[in-house]
Each structure stands twice: as C-alpha cells, then as structure tokens.
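Numbering follows full-length UniProt numbering, in which position 277 of the sequence shown is assigned residue number 277; successive positions increment by one, without gaps. Each residue gets a CB set at the ideal place from its N, CA and C atoms; glycine is no exception. Small disclaimer: the values here were computed from a predicted structure and weren't measured. Notes follow the structure.
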Amino acid sequence: MPQLRVAVVGAGIAGLAFAAALRRARIDCHVYEQAERLTEVGAGVQVAPNASRLLHRLSLRERLSASAVAPQAIEMRRWDDGGLLQRVPLGGLCDRRFGAPYYTLHRADLHSGLLSLVPPDRVHLGARLVAVSQGADEARLHLADGTTVAADLVVGADGIHSVAREQIVTDEPRFSGQTIYRGLVPAEQVPFLLDEPRVRLWLGPDRHVVCYPVSAGRQVSFGATVSASDWREESWVARGEVAELAAAYEGWHPDVVRLIGAARRVSRWALHDRDSADRLSSGRVAVIGDAAHPMLPFQAQGANQAIEDAVVLALCLAEAGPGGLDAALHRYEQIRLPRTTRIQRQSRSNAETFHLADGDAQRRRDVSARTTSGLDQHEWLFGYDAERATTTSRSA
Ligand SMILES: Cc1cc2nc3c(=O)[nH]c(=O)nc-3n(C[C@H](O)[C@H](O)[C@H](O)COP(=O)(O)OP(=O)(O)OC[C@H]3O[C@@H](n4cnc5c(N)ncnc54)[C@H](O)[C@@H]3O)c2cc1C
Numbered sequence: 001m002p003q004l005r006v007a008v009v010g011a012g013i014a015g016l017a018f019a020a021a022l023r024r025a026r027i028d029c030h031v032y033e034q035a036e037r038l039t040e041v042g043a044g045v046q047v048a049p050n051a052s053r054l055l056h057r058l059s060l061r062e063r064l065s066a067s068a069v070a071p072q073a074i075e076m077r078r079w080d081d082g083g084l085l086q087r088v089p090l091g092g093l094c095d096r097r098f099g100a101p102y103y104t105l106h107r108a109d110l111h112s113g114l115l116s117l118v119p120p121d122r123v124h125l126g127a128r129l130v131a132v133s134q135g136a137d138e139a140r141l142h143l144a145d146g147t148t149v150a151a152d153l154v155v156g157a158d159g160i161h162s163v164a165r166e167q168i169v170t171d172e173p174r175f176s177g178q179t180i181y182r183g184l185v186p187a188e189q190v191p192f193l194l195d196e197p198r199v200r201l202w203l204g205p206d207r208h209v210v211c212y213p214v215s216a217g218r219q220v221s222f223g224a225t226v227s228a229s230d231w232r233e234e235s236w237v238a239r240g241e242v243a244e245l246a247a248a249y250e251g252w253h254p255d256v257v258r259l260i261g262a263a264r265r266v267s268r269w270a271l272h273d274r275d276s277a278d279r280l281s282s283g284r285v286a287v288i289g290d291a292a293h294p295m296l297p298f299q300a301q302g303a304n305q306a307i308e309d310a311v312v313l314a315l316c317l318a319e320a321g322p323g324g325l326d327a328a329l330h331r332y333e334q335i336r337l338p339r340t341t342r343i344q345r346q347s348r349s350n351a352e353t354f355h356l357a358d359g360d361a362q363r364r365r366d367v368s369a370r371t372t373s374g375l376d377q378h379e380w381l382f383g384y385d386a387e388r389a390t391t392t393s394r395s396a
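Next up, the structure:
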C-alpha cells in the first residue's frame, strides 16, 4: 500500500509531538524547522493530566518523572497580604482522580523528550517555510533556500505566525495589551517557596505573577504579567529589564518582591492570541498547536492542547489510511474545534478576571474562587482523554 507522505512545518512541541505520534502509528514524516539549531530556550511549562497521560503513552513517563516536579496544589493568593483565594489540590489526589499527574517542568526538558522520539534524519533544520501551494494530488512546501518539498499532507505546526495557516484562514494575531516577564531562579535563592512544591499565583490590579518549581526542583520558573502597549516583541530570548519588572511589582507581597529580586535575567514577551478559527484544515493542509489556536497563557494549556492535537490527528490519519485523507482531516477538526475554542475563550476571560482592580468585581471573583476550590471544576479539562475521544468519535 502506498505510504502517506507527511511534511510537518515546525519542530516545537506540536510538531515533535505529532511526529512522535505518527511514528508510533507507523506513518513516516519529515519535519522542517527554520531554526539552525534546537537550543534550550524558554522557561517553565505546566503539563496537566490531559496531556501528561498522552506523553506517558508516547513512552515519556520515565523521562518526565526524572526532570519534572509534581506540585501538590495550585494556590491563588491576593497580591498584597497573600490571603488565600483558592487552592486546587494536585499531587496524588489529582493522579488518582485523573489517572495521570500534573507536572511543572522546564520547556527544554519537554522539548528534548519529544525530540528523542523522532529519528534525527527526519528533522531538517535551517528549513524556513515561505509559502505553501497545493493542487488536487499533492501539496508543496516552498522553503526560503529555494527548494520545494512535495507531500500528500502538510501539517503546519509553525506557531502563532504560521505560514501554513494562511491556506486555511485569513486573520492576524491580536495583541492582548499585556506582556509577560519570564525568568528562572536557583531554588536555594528562594527557600521561602520550597516548603511544598506548588504552583503559586498572586493576583492584583492589572497584573499577576505565577511561579512553580522545575528541573527536578533545582530551579523556580516565574512569569509576571504587566499591561503595556509599547512592547510588541515575541521571543523566547528577548531580554527584559529586571529593574523595570521590580518597579512594576513594588508594594506586592514580600514573597513576590523577593522572588523577583532573586532574578538576574528575565525575558519579556508580548502576549498575542487569535480569534478561534472555524476550521483547522483546507485541502491537503492542516494546522496544529499555536498555528491552529494560539491562546493567552492564562490557563496554561497551549502546549497541552498542542499535544492533544498531535495525538488526535495522528490517530485519525492512521485509522483512515492513505486513501482517507479528507475524512481524517474532517474528523480531526470535529474532535478538536469545540474543545480548543472553549479553552481559547477561557484563557482570554482569565486575562480579565485575574487582573481586576480591588473593588466589587474583585470581591465577587474572590468569593467565587473560594467556593470553587477543589478538582471538580477541572474535570472537563484535566479528565479529558484525547485518544478515548477519538475512539468514541469513530464508534459514534
Ligand atoms: C509566557 C507563556 C507561558 C506559557 N505557559 C504554558 C504552560 O504552562 N502550559 C502550556 O500548556 N502552554 C503554555 N504556554 C503556551 C505554549 O508555550 C505554546 O502553546 C506552545 O509552545 C505551542 O507550541 P507550538 O509547537 O504549536 O508552537 P511554537 O512553540 O511556537 O513552535 C513553532 C515552531 O515552528 C518553527 N517555525 C515557525 N515558523 C516557521 C517557518 N516559517 N518555517 C519553519 N519553521 C517555522 C519555530 O521556529 C518553532 O520551532 C505558554 C506560552 C507563553 C507565551
């Protein structure tokens, strides 16, 4: 039987997770990545049970448990006095309820784990996509060096500024008006955060901070959001000013001030998303991850959703076989769109509720946060099994 020729654009979390899931399904693919080298960039990433179960099944359980931390809870606190607003228990409780752990880890550990599942000769570096064309029989990647690559299917995993997406939707990224400073500090410099591994958030007017341990507990990763209309860069390596950041959080809870004070280097990142698309494929081109549904990071689900996309699309392709491309892409879209649209919207809405000024609306938010502590409210998100959802869609 002829093999499906699959060309993936982008070797980020989405592209590598997809290549790994395809490989497990015995479908070959080639990944084209613009970077000349895959370096260790970024800071922390939270991986919830909805994605950790998929990573475990891709054989990354051992690697993840060696490099990740399993926090005992997510805690939200007030910006000034640190009063507890909400505690979501994680640890063993989460693992037992959802059958998979909640992890916090360095993005590079997740990335290198996924990369280890893809044969090196299938990842082409220094290959920047400039355009995609497609006809009835095949699609083509047009790379910046003038070469073209023919494939039966092009999967764009090329992030928020996706070139592949242009085949499917005409839209632009939307600047949220917020930027985030990100940094890593050695754990021994913030002993006051180490009593119990936790994801900690402090919410205040116009800004919030999140931090959690990564690298098997050796470092603490943090992200501090501020409103800013003058900063439009998006890069894992753009340098921010530590002094500017410290000034933005003056007067906050002493734990926040000491955490920021311990940072020697921060990166600064303008936060963009896009409106939800009503399709994820057109002809022989499909998109996954941020290319499909870029979202604000306020629900910590962008990478999780990229992993879900990757596994679902690979399963749909494997089950449909080389002759069933249209049906497979249609099924992928049907399974993924309702869920990713909901999470994109929720992430936008968190951008509002996290940053309320002190007053009536903030007090209502805090009452509601206290009454929704626990894991029940996360059932739809963490309890979801993307592989089971795909199998169920087949029987339906
Ligand atoms: C501050 C912040 C915190 C976050 N925290 C979390 C979190 O805790 N949990 C979570 O799940 N998500 C989180 N996210 C979101 C998560 O980082 C993204 O959703 C995820 O990285 C998307 O992966 P991706 O592979 O789709 O895209 P990317 O990571 O953007 O990867 C795209 C890849 O494609 C390559 N590429 C781009 N254009 C081209 C081209 N033209 N040709 C060839 N290659 C190309 C790029 O070089 C890159 O390697 C966060 C995001 C931010 C900004």
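Item                                                                                                                         : Value
Boundaries (first-last residue) of the alpha helix (DSSP H) holding Ser276                                                   : Run containing Ser276: none; DSSP gives neither H nor E here.
Helix, strand or coil at Leu134 according to DSSP, with G and I counted as helix                                             : The residue you asked about is not Leu; residue 134 is Gln in the sequence shown. The answer is strand: DSSP assigns Gln134 an E or B state.
Residues sharing a beta bridge with Cys29, DSSP                                                                              : Val6
Host beta strand (DSSP E) of residue 402 (start-end)                                                                         : Any question about residue 402 goes unanswered here, given that the chain covers just 1 to 396.
C-alpha gap between Glu75 and Val88, whole angstroms                                                                         : 6 Å
Residues near Val285 in its chain [Cβ-Cβ closer than 7 Å; skip 5 each side]                                                  : Val132, Gln134, Ala139, Val154, Gly156, Ala164, Gln167 and Ile168
Cβ neighbour criterion (16 or more within 10 Å) applied to His161                                                            : exposed
Exposure of Gln46, with buried meaning 16 or more beta-carbon neighbours within 10 Å                                         : buried
Cutoff 7 Å; reference Arg336; Cβ partners in own chain excluding five residues on either side                                : Leu280, Asp309 and Val312
Same chain only: Cβ atoms within 7 Å of Leu58, ignoring 5 sequence neighbours per side                                       : Ala20, Ala21, Arg24 and Leu117
Distance between beta carbons of Gly113 and His253, contact taken as under 8 Å                                               : Actually they do not touch by this definition, with Cβ atoms about 34 Å apart.
Alpha-carbon to alpha-carbon, Ala369 and Gly359                                                                              : 15 Å
When Arg97, Tyr32 and Tyr103 are compared against Arg61, the one with the closest alpha-carbon                               : Tyr103
Ser162 Cβ short of 8 Å to ligand 1 heavy atom set                                                                            : yes
DSSP bridge partner residues for Arg268 (one or two, in chain order)                                                         : Tyr181
Alpha helix (DSSP H) segment containing Glu244, residue limits                                                               : Val242 to Ala248
Inter-stretch contact at 8 Å, needing at least 3 Cβ pairs: the region 176-189 / the region 205-219                           : yes
Any non-hydrogen atom of ligand 1 closer than 8 Å to Ile288 Cβ                                                               : yes
Same chain, Cβ closer than 8 Å to Thr148, neighbours up to 5 away in sequence not counted                                    : Arg140, Leu141 and His142
Span of the alpha helix (DSSP H), counted from its first residue to its last, around Arg107                                  : Arg107 to Leu115
Contact test: Val149 Cβ vs ligand 1 heavy atom, cutoff 8 Å                                                                   : no
Rounded straight-line distance, which links the Cα of Ala270 to that of Phe354                                               : 17 Å
8 Å CB neighbourhood of Leu259 in its chain, flanking five on each side removed                                              : Val185, Val190, Leu193, Val209, Cys211, Val220 and Phe222
Trp79, buried or exposed, once every other Cβ within 10 Å from all chains shown has been counted against 16                  : buried
Among Leu315, Gln346 and Asn350, nearest to Glu333 - alpha-carbon criterion                                                  : Leu315
Buried versus exposed call for Ala361 [16 or more other C-beta atoms within 10 Å across all chains shown]                    : exposed
Start-to-end residues for the beta strand (DSSP E) that takes in Val285                                                      : Val285 to Val287
Chain-order list of residues whose beta-carbon lies under 6 Å from that of Phe382 (same chain, five-residue window excluded) : Ala48, Pro49, Asn50 and Phe98
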